[in-house]
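Worksheet: one structure, shown below.
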């Protein structure tokens, strides 16, 4: 299923899609990290925003 940009909110706010440039950029900015670090976090713990936040908090950037 494609990402419907007309339906913001709900499940879309809980998941991070690192394959969409605008999402990667916006999530990285909101989480105070780099896109590369965000991709690393998603690869490590999955695309759930809460899990990514925990990962980034527990493992500060290099």
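In our numbering, the protein residues as written are 1 to 62.
Yeah, the Cβ is synthetic: ideal placement off N, Cα and C, and Gly gets one too.
Computed from a predicted structure; not experimentally measured.
{"Asked": "Nearest-angstrom beta carbon gap, residue 34 and residue 28 [assumed within contact, 8 Å]", "Found": "6 Å"}
{"Asked": "Residues that residue 15 bridges to, as DSSP identifies them", "Found": "48"}
{"Asked": "Cβ neighbour criterion (16 or more within 10 Å) applied to residue 50", "Found": "exposed"}
{"Asked": "Outcome for residue 13 when other beta-carbon atoms lying within 10 angstroms are tallied against a minimum of 16", "Found": "exposed"}
{"Asked": "Residue 29, enclosing alpha helix (DSSP H) - first and last residue", "Found": "21 to 31"}
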